[in-house]
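Student: Sequential numbering from 49 applies to the sequence shown in this note's numbering.
Ideal Cβ positions, reconstructed from N, Cα and C, are used throughout, including at glycine.
Computed from a predicted model, the values in this text were never measured in an experiment.
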Amino acid sequence: MVLLSYSNAIERVVLMKRNLLFMYAISFFQGMVFYASIATLYRQAAGISIFQITLIESISLVLSLAFEIPWGVLADRIGYKRTMIVCSALYFISKIIFWKSQNFADFLLERVLLAIVVSGLSGVDTSILYLSCSEDDSQRAFGIYEGLSTAGLLSAAAIYMVFIEDNYRAAGFFTVISYGIAFMLSFGLKEVKVVEKGERMSFGHSLTILKETLLNRNLLFLIAGVALLREVNQTITVFFNQLQYTKAGMSARHISGVYILMTLSGLVSVFSAPLTKKLRPRFFGAMLFVVCSFSCLILAFTENPVVSVFGILLIRVCFSLMSPLGTELQNKAITTIDRATALSMSTLIMDLLAVFTNLVFGKLAEFELSAAMCFGGFLCILGVSLYLSGLKKTD
Numbered sequence: 049m050v051l052l053s054y055s056n057a058i059e060r061v062v063l064m065k066r067n068l069l070f071m072y073a074i075s076f077f078q079g080m081v082f083y084a085s086i087a088t089l090y091r092q093a094a095g096i097s098i099f100q101i102t103l104i105e106s107i108s109l110v111l112s113l114a115f116e117i118p119w120g121v122l123a124d125r126i127g128y129k130r131t132m133i134v135c136s137a138l139y140f141i142s143k144i145i146f147w148k149s150q151n152f153a154d155f156l157l158e159r160v161l162l163a164i165v166v167s168g169l170s171g172v173d174t175s176i177l178y179l180s181c182s183e184d185d186s187q188r189a190f191g192i193y194e195g196l197s198t199a200g201l202l203s204a205a206a207i208y209m210v211f212i213e214d215n216y217r218a219a220g221f222f223t224v225i226s227y228g229i230a231f232m233l234s235f236g237l238k239e240v241k242v243v244e245k246g247e248r249m250s251f252g253h254s255l256t257i258l259k260e261t262l263l264n265r266n267l268l269f270l271i272a273g274v275a276l277l278r279e280v281n282q283t284i285t286v287f288f289n290q291l292q293y294t295k296a297g298m299s300a301r302h303i304s305g306v307y308i309l310m311t312l313s314g315l316v317s318v319f320s321a322p323l324t325k326k327l328r329p330r331f332f333g334a335m336l337f338v339v340c341s342f343s344c345l346i347l348a349f350t351e352n353p354v355v356s357v358f359g360i361l362l363i364r365v366c367f368s369l370m371s372p373l374g375t376e377l378q379n380k381a382i383t384t385i386d387r388a389t390a391l392s393m394s395t396l397i398m399d400l401l402a403v404f405t406n407l408v409f410g411k412l413a414e415f416e417l418s419a420a421m422c423f424g425g426f427l428c429i430l431g432v433s434l435y436l437s438g439l440k441k442t443d
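Following this line, the structure appears as structure tokens:
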């Protein structure tokens with residue numbers, strides 16, 4: 049009996065470790081976005097304006113909001129493995145559409161499909177990781193997961209700079225290949241969510257979870273603070289970075305080269321766990337918000353290429369270190385077995401903030417890029433206040 053129990057324990061450990069390996073591999077290949085370093089230029093070459101890009105992003109976020117709760121409930125009922133397979137397939141299709149996109153409608157369609165994918169994966173990938181390792185090791189797992197995504201992005205950026213250069217469509221095609229591989233890998237996952245036969249979806253239950261989330265002020269402040277930092281990072285390091293580099297007089301080749309440095313900096317996420325333990329969540333998180341705000345202000349008042357690269361690099365590093373910590377804090381706050389539903393509620397709140405910030409960022413950037421950077425600095429200051437308020441009774 050003891051040997052049987054020991055054998056079952058060993059089998060579970062092996063299966064969970066296998067899950068982590070497959071999730072890490074999926075993260076790597078989904079990180080291989082070959083057009084990432086010229087994402088804005090890719091769209092502009094097809095005639096899409098900056099405001100149209102941010103408008104598409106906001107529409108995508110609104111749709112993500114609509115799909116969040118249904119997807120969370122569905123994932124908890126059909127299992128996390130099936131959800132990963134479906135979403136990986138849709139991710140693959142979305143990259144095919146992006147590769148072939150020629151106008152505003154095409155790029156909008158790609159983001160609509162991506163909204164379905166993002167809301168579907170929301171909480172599912174992190175739940176698989178969280179349930180596939182010990183609680184004390186979860187932040188480390190999140191850091192490795194994000195680090196491998198960055199490694200995939202770095203590999204794609206290096207290949208782009210050396211072999212692809214100005215062939216935007218080729219970059220889109222190779223991205224399709226990498227996402228196809230990630231889709232195939234999703235079949236190798238082991239289910240970690242116990243799904244009882246005959247269990248029905250209950251939107252009433254999901255509304256109960258939403259109510260519990262809204263009544264948890266500390267969790268709300270924490271979610272909102274991390275969301276603001278996430279949007280500053282997303283907007284500046286993904287979209288506005290290329291505008292800042294162009295403003296500083298950098299060539300397309302130099303931009304691609306710097307992008308590799310930016311991507312490489314994302315690997316610092318693996319140091320998030322040890323730094324958090326050493327400095328504690330309160331001080332470490334607050335420091336990251338403040339440095340990010342400082343970086344935004346630097347970018348607002350410079351046209352120097354070296355300073356521009358430094359400022360954007362700091363923002364990238366700060367969020368890479370903050371992301372695993374924020375994810376762990378959210379997961380530790382979940383008490384229900386319907387983890388995907390609960391995490392979807394958190395994402396719902398984060399996306400509501402993102403809809404607003406995206407539109408403001410877009411309008412300010414069309415007026416003056418410096419104004420948009422200053423807005424980013426303000427969001428970081430607001431974010432650190434919310435973050436510290438959220439940790440008042442938890443740290």
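1) Does the beta-carbon of PHE424 have 16 or more other beta-carbons within 10 angstroms, so that it is buried, or is it exposed?
2) Determine whether the beta carbon atoms of MET71 and GLY200 lie at a separation below 8 Å.
3) Suppose the cutoff is 6 Å on Cβ atoms and the five residues either side in sequence are ignored; what does the same chain contact list for THR324 look like?
4) How many whole angstroms separate the CB atoms of THR198 and LEU315, which I take to be in contact at a CB cut-off of 8 Å?
5) To the nearest angstrom, how far is the alpha carbon of VAL280 from that of LEU109?
6) Looking only at its chain, what residues have a beta carbon closer than 6 Å to the beta carbon of ASP124, apart from the 5 residues adjacent to it on each side?
7) When you compare only the Cα positions, how much space is there between GLU416 and ARG66?
8) If you draw a straight line from the alpha carbon of GLY359 to that of THR256, how long is it in whole angstroms?
9) May I ask whether a heavy atom of the ligand HEM can be found less than 7 Å away from the beta carbon of VAL224?
10) With PHE211 and TRP147 assumed to form a contact (beta carbons below 8 Å), what rounded beta-carbon distance in angstroms separates them?
11) What does the Cβ neighbour count give for LYS259, buried or exposed, with the cut at 16 atoms within 10 Å?
12) Here's the rule I'm using: 16 or more other beta-carbon atoms within 10 Å means buried, otherwise exposed. How should ILE101 be labelled?
13) Could you tell me the distance, in whole angstroms, from the CA atom of MET335 to the CA atom of PHE269?
14) Run through DSSP, which three-state label would LEU201 get?
15) I think SER343 touches LEU362, with their Cβ atoms under 8 Å apart; what is that distance to the nearest whole Å?
16) Helix, strand or coil: how does DSSP classify GLN80 here?
17) Buried or exposed, going by whether 16 or more other CB atoms sit within 10 Å of the CB of MET49?
18) Kindly indicate which residue of ILE141, PRO353, LEU277 and LEU369 has the alpha-carbon position closest to the one of LYS295.
19) Give me the Cα-Cα distance between GLY191 and SER433, rounded to the nearest whole angstrom.
20) Given 8 Å as the limit, is there contact between the region 298-306 and the region 405-413, that is, 3 or more CB pairs closer than that?
21) Taking 8 Å as the cut-off, decide whether the C-beta atoms of GLU239 and LYS129 are in contact.
22) Using alpha carbons as the reference points, say which of ILE176, LEU196 and VAL121 lies closest to VAL318.
23) From which residue to which residue does the alpha helix (DSSP H) around ASN379 run?
24) Looking only at C-alpha atoms, which of ALA272, SER304 and PHE235 sits nearest to SER437?
25) Alpha carbons only, please: which of VAL306, PHE77, SER226 and ILE104 is nearest the one belonging to TYR85?
26) Between which two residues does the alpha helix (DSSP H) harbouring SER343 extend?
27) Please identify the residue among PHE140, GLY410, PHE82 and PHE152 whose C-alpha is closest to the C-alpha of GLY95.
28) So, ILE308 versus ALA206, is the Cβ gap smaller than 8 Å?
29) Is the region 363-372 close to the region 130-138, with three or more CB pairs under 8 Å?
30) Could you tell me the boundaries of the alpha helix (DSSP H) in which ASP489 lies?
31) With a CB to CB cut of under 7 Å and the five nearest residues on each side skipped, what residues in its chain are close to SER142?
Tutor: By the coordinates alone:
1) Residue 424 sits at position 376 when you count from the first residue of the sequence shown. According to the sequence shown, residue 424 is Gly rather than Phe. With 16 or more other Cβ atoms within 10 Å, it is buried.
2) By 1-based counting over the sequence shown, the position of residue 71 is 23. By 1-based counting over the sequence shown, the position of residue 200 is 152. In this structure, GLY200 does not lie closer than 8 Å to MET71 by Cβ.
3) Stepping through the sequence shown from its first residue, residue 324 is reached at position 276. So the qualifying residues of the chain are PHE332 and LEU373.
4) Numbered from its first residue, the sequence shown carries residue 198 at position 150. Numbered from its first residue, the sequence shown carries residue 315 at position 267. Contact flag correct, Cβ pair sits at about 5 Å.
5) Here residue 280 refers to the residue found at position 232 when the sequence shown is read from its first residue. Here residue 109 refers to the residue found at position 61 when the sequence shown is read from its first residue. In a straight line, the C-alpha of VAL280 is about 15 Å away from that of LEU109.
6) Counting from one through the sequence shown, the residue named residue 124 turns up at place 76. For ASP124, where only same-chain residues beyond five positions count, the Cβ hits under 6 Å are ASP386, ALA388 and THR389.
7) Your numbering for residue 416 matches position 368 in the sequence shown. Your numbering for residue 66 matches position 18 in the sequence shown. Cα to Cα, the separation comes out at about 49 Å.
8) The count along the sequence shown starts at 1 and reaches residue 359 at position 311. The count along the sequence shown starts at 1 and reaches residue 256 at position 208. Approximately 43 Å, taken between the alpha carbons.
9) What this structure holds is no ligand at all, so the ligand HEM is not there to describe.
10) Sequence index remark: in the sequence shown, residue 211 carries index 163 (1-based). Sequence index remark: in the sequence shown, residue 147 carries index 99 (1-based). Not quite, the Cβ-Cβ distance comes to about 17 Å (not below 8 Å), so this is no contact.
11) For the purposes of this step, residue 259 is taken as residue 211 along the sequence shown, with counting starting at 1. Flag for LYS259 reads exposed.
12) One-based indexing of the sequence shown puts residue 101 at position 53. Flag for ILE101 reads buried.
13) Position 287 of the sequence shown, counted from the first residue, corresponds to residue 335. Position 221 of the sequence shown, counted from the first residue, corresponds to residue 269. Distance between the alpha carbons of MET335 and PHE269 is about 17 Å.
14) Reading the sequence shown from its first residue, position 153 is the one you call residue 201. Correct three-state label for LEU201: helix.
15) Numbered from its first residue, the sequence shown carries residue 343 at position 295. Numbered from its first residue, the sequence shown carries residue 362 at position 314. That belief holds up - the Cβ atoms of SER343 and LEU362 are roughly 4 Å apart, short of 8 Å.
16) On the sequence shown, residue 80 is found 32 positions in, with the first residue counted as 1. Sequence check: residue 80 is Met here, not Gln. MET80 falls in the coil class under three-state DSSP.
17) Here residue 49 is taken as the residue at index 1 of the sequence shown, counted from 1. Any reading at MET49 must be qualified, since the residue scores a pLDDT of 48, below 50, and its modelled position is unreliable; the value itself is stated next. With fewer than 16 other Cβ atoms within 10 Å, it is exposed.
18) Along the sequence shown, read from residue 1 onward, the residue named residue 295 stands at position 247. The residue with the shortest Cα to Cα distance from LYS295 is PRO353.
19) Along the sequence shown, read from residue 1 onward, the residue named residue 191 stands at position 143. Along the sequence shown, read from residue 1 onward, the residue named residue 433 stands at position 385. Approximately 24 Å, taken between the alpha carbons.
20) no
21) To locate residue 239, count along the sequence shown from 1; it is residue 191. To locate residue 129, count along the sequence shown from 1; it is residue 81. Taking 8 Å as the Cβ cut-off, GLU239 and LYS129 qualify as a contacting pair.
22) The residue you call residue 318 lines up with position 270 of the sequence shown. Closest option to VAL318, Cα to Cα, is LEU196.
23) What you label residue 379 is simply residue 331 of the sequence shown in a count that begins at 1. It spans 353-380 - the alpha helix (DSSP H) in which ASN379 sits, taken as one unbroken run.
24) Indexing the sequence shown from 1 puts residue 437 at position 389. Considering only alpha carbons, the answer is ALA272.
25) Here the question's residue 85 lines up with position 37 in the sequence shown. Per the sequence shown, the amino acid found at residue 85 is Ser instead of Tyr. The option with the nearest alpha carbon to SER85 is VAL306.
26) Here the question's residue 343 lines up with position 295 in the sequence shown. 329-348 is the span of the alpha helix (DSSP H), which, as asked, contains SER343.
27) The residue given as residue 95 occupies position 47 in the sequence shown. Nearest option by C-alpha distance: PHE152.
28) Here residue 308 refers to the residue found at position 260 when the sequence shown is read from its first residue. Here residue 206 refers to the residue found at position 158 when the sequence shown is read from its first residue. For ILE308 and ALA206, yes; Cβs fall inside 8 Å.
29) no
30) The question about residue 489 has no answer, for the chain in this structure spans 49 to 443.
31) Looking up residue 142 in the sequence shown gives position 94. Excluding positions up to five away in sequence, the list reads GLU158, LEU161, LEU162 and VAL165.
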